[in-house]
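Taking it in order: structure first as structure tokens, then the write-up.
Residue numbers (the numbering used here), protein chains in the order written: chain A, 509 to 960; chain B, 577 to 1107.
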């Protein structure tokens, strides 16, 4: 595992790749170790309360560790050049999510056939497939020619279909079996936006001389798409998704064209839309009231957030210890309120450490965007990172009462198959971009040994 | 009961595991940061730093969320509503909110008025004197919230508002150590426990209120209201309003009563300020503004009639003598003489139809009502005559009468009443001119030496005051006494109200005398200088 300064030209390419990816290896080891300790704490608490040891107890952790081994070996063997820090951060977050879900009893650990058990491993594999499949600059083909419009149309059709055939549950619309296919929008919409803005970057940057008017002639397809999508999403009361996509749109427009005016315009539109939504949706007003004065209706609207905060207060700085808290008192803790459980059991310290890992993930995403010269890849990477960061901020802010609740999940940590899988796909895309374009490769191909 | 001492092997292991977990996690974060150079993306373009600003912004946003989270997670104790929510709705046994040792409320000499005791594995609020101090301290209850000073200084009692380096150090130690038994801070009140107990005892089974304060700095020594609720026993029935004795009503600060003759001091002040210096004829038959209104007569008229005699009246009276004998006929005329506008201006200057705030915080306010006076129709002379003798539609609270009397004793300056010992004295308003106040003070001394209150005169105390017997539609007259002592250099002002207590001189005045006597014994007021 020792780093080698200069890989020998004559060694086997696998060995070269192996030695190049030593930072990733170290990070994965640390993740496996940390998550292992977490499992130890949690299982120990269970035994201390009188639960009997079962052979299947270490199964989730073993699966997790195994998946990471497969991940690493695959990346090495295909000589993947993508980012290693990102993989390290993601490995920890995914493991942490798995740990939290096992802790909350989201799925049956004793039953090796429970699909919930394989959600995280499957997500990592999916991410791996996306990353490798679109590496070597293949991601650029996603929006070639008319494919760009396929993403746009696909997004709209997806929401429309869910709206038509979905079922209502807790005020929102879901697909069959409470799957939320709209999560996929985070990928499809950003792919479309990145392609569109990249294709028309010059024209979109061309604001009116003198009086600053946006270039409507080129902007209208974008506006039409966004308005249609927002309308459909708001009918489903998916405000969180609208916010996430809007922020990504604005950030991509700004960095794609270099025009500050887009941020100003976006801010004005957001304020108008916010005011309009508040007058139209009673649901939004209730959440706003619960946010402004939670003690107005502590046993009704604000029950969940106050229970979450009580748990965090109970945890204090160091936490009750993993497995020793009472997260069952916080309603639906496993999805939107998982952060409150982390605060309760691991304390403020645990929460800060988790936020730091998230920040590394976002920082790395932005670094990749910064170093990517291919316009579409740069915007794609930027858009996906923005989405992940916005979603995390909305979730954390909502749970801690910093902002009104929007009901979005915490990426990689919250329960929710669709959201989890989408997050993995998003990360796969960022990884694919970080692999770079084939023409830009500087490492010469090593000569094949004659015996082979 | 001590939970932290019985460490079983698993607890120790768990602590070790948790420490290792945090260490590993910290190491991971450090490595994620340190390895960024080793894992440089050399095959991509050179870094341009285009996203440095957004990344800084992102870090600031998450930092802000974490900081705000800390105000709940680490210092949630300073949010009394949050603490109350947790105490009633949080079932986590180890939530520190269930174990808060709230600070004590103390009287001016350190006697305990409210404290937190641990009983049966729960921390409970205990009020040693039950209902006696309820009008001041109020109550605190996880389900029904808090009232009185318990609400106003809730933050300090819970240990909040650190205002010194020592407090901050304590706070830091508590957070770091994961303290499960937080301790609050004590708050000292201006109340004198012994005097308040005496006031409640002397009111006995009757309903009424006593307010005693230092007119010079507003420190309230007695704020009694009887009957009061027992803050040790707060339940839903108390709030149902079914008890006819209205134990939740703070009679001292919120009760409104006709002031009767005690209000004559305000009318006298008005007349003096407007230069009244003469005498008025006071016929025995009484005075009225129009023939179809019942005549306003003096008390002596009725006593004479009961024995079959006819009272001749006082003849011509000056202000001093009229106050001493409390002549209704005189003051009714005096009121009408001043006119509606001057009277209206007086009630406005004296702060009628309002509330006076004693203390306020985010979590509660302690306020007293002043009085109630509906604007009079311009031609309602009879209404004016009635108001001038403290009857009709004029109403006041007992605390307000103490404030008014105190202002008179303090050269006409009203000081905002206060209950927290460390609160700064603050001038509320000037109620009357200093000369007027001094002349009136001398006249009120005469009331006690030779007038209606002569039964309570103790030369050593030099009490000055005014009795009142307020007729009301509910039954027997309310008994009032307002006064201050010593007359020369007043140190205490007092207002006593006994609902349906009869003559002021018979019921309320002796209570005031007993309180002043005890206050004198306690050193709260000096002896009068020998004449």
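Beta carbons: idealized from backbone N, C-alpha and C, even for Gly.
So residue i is in the alpha helix (DSSP H); what residue range does that whole segment cover?
| i | result |
| --- | --- |
| residue 694/A | 693 to 707 |
| residue 884/A | 883 to 907 |
| residue 630/A | 627 to 641 |
| residue 1059/B | Per DSSP, residue 1059/B belongs to no alpha helix (DSSP H); it is in the beta strand (DSSP E), 1051 to 1061. |
| residue 525/A | 521 to 528 |
| residue 649/B | 628 to 649 |
| residue 1032/B | Premise fails: residue 1032/B is in no alpha helix (DSSP H) and is neither H nor E. |
Cβ atoms of residue j and residue i: under 7 Å apart, would you say?
| i | j | result |
| --- | --- | --- |
| residue 799/B | residue 828/B | yes |
| residue 698/A | residue 660/A | no |
| residue 1007/B | residue 926/B | yes |
| residue 991/B | residue 1003/B | yes |
| residue 760/A | residue 892/A | no |
| residue 965/B | residue 880/B | no |
| residue 866/A | residue 631/A | no |
| residue 652/B | residue 837/A | no |
| residue 550/A | residue 831/A | yes |
| residue 961/A | residue 636/A | Here chain A has residues from 509 to 960 only, and residue 961/A is not among them. |
| residue 995/B | residue 1091/B | no |
| residue 941/A | residue 885/A | yes |
| residue 808/A | residue 907/A | no |
| residue 863/A | residue 638/B | yes |
| residue 539/A | residue 599/A | yes |
| residue 1080/B | residue 1051/B | no |
| residue 796/B | residue 974/B | no |
Assign residue i to one of three DSSP states: helix, strand, or coil.
| i | result |
| --- | --- |
| residue 783/B | coil |
| residue 765/B | strand |
| residue 798/B | strand |
| residue 1039/B | coil |
| residue 726/B | helix |
| residue 1008/B | coil |
| residue 967/B | coil |
| residue 875/B | helix |
| residue 771/A | helix |
| residue 1101/B | coil |
| residue 579/B | In this prediction, residue 579/B scores a pLDDT of 42, lower than 50, which makes its location untrustworthy; no coordinate-derived value is stated. |
| residue 840/A | coil |
| residue 1096/B | helix |
| residue 990/B | strand |
| residue 617/A | coil |
| residue 1046/B | strand |
Hey, could you find the ends of the beta strand (DSSP E) residue i is sitting in?
| i | result |
| --- | --- |
| residue 694/B | 688 to 695 |
| residue 859/B | 855 to 859 |
| residue 791/A | Taken as a continuous stretch (DSSP letters only), residue 791/A belongs to no beta strand (DSSP E), being part of the alpha helix (DSSP H) at 790 to 800. |
| residue 890/B | 889 to 894 |
| residue 606/B | Premise fails: residue 606/B lies in the alpha helix (DSSP H), 585 to 610, not in any beta strand (DSSP E). |
| residue 1074/B | 1068 to 1074 |
| residue 699/B | 698 to 702 |
Have a look at the options and flag the residue whose alpha-carbon is nearest the alpha-carbon of residue i.
| i | options | result |
| --- | --- | --- |
| residue 928/B | 902/B, 980/B, 748/B | 980/B |
| residue 802/B | 586/B, 627/B, 708/B | 708/B |
| residue 648/B | 580/A, 823/A, 880/A | 823/A |
| residue 1084/B | 776/B, 877/B, 853/B | 776/B |
| residue 605/A | 939/A, 525/A, 928/A, 940/A | 928/A |
| residue 1095/B | 832/B, 1070/B, 977/B, 661/B | 1070/B |
| residue 859/B | 886/B, 847/B, 835/B | 886/B |
| residue 625/A | 522/A, 912/A, 914/A, 565/A | 565/A |
| residue 872/B | 959/B, 891/B, 703/B, 711/B | 959/B |
| residue 588/B | 917/A, 829/A, 848/A | 829/A |
| residue 977/B | 898/B, 787/B, 922/B | 787/B |
| residue 752/B | 827/A, 930/A, 915/A | 827/A |
Should residue i be listed as close to the ligand ZN, given that the test is whether its C-beta is under 6 Å from any heavy atom?
| i | result |
| --- | --- |
| residue 634/B | Ligands displayed in this structure: none; no statement on the ligand ZN is therefore possible. |
Across which residues does DSSP place residue i in a beta bridge pair?
| i | result |
| --- | --- |
| residue 937/B | 940/B |
| residue 996/B | 765/B |
| residue 570/A | According to DSSP, residue 570/A bridges with nothing at all. |
| residue 833/B | 972/B |
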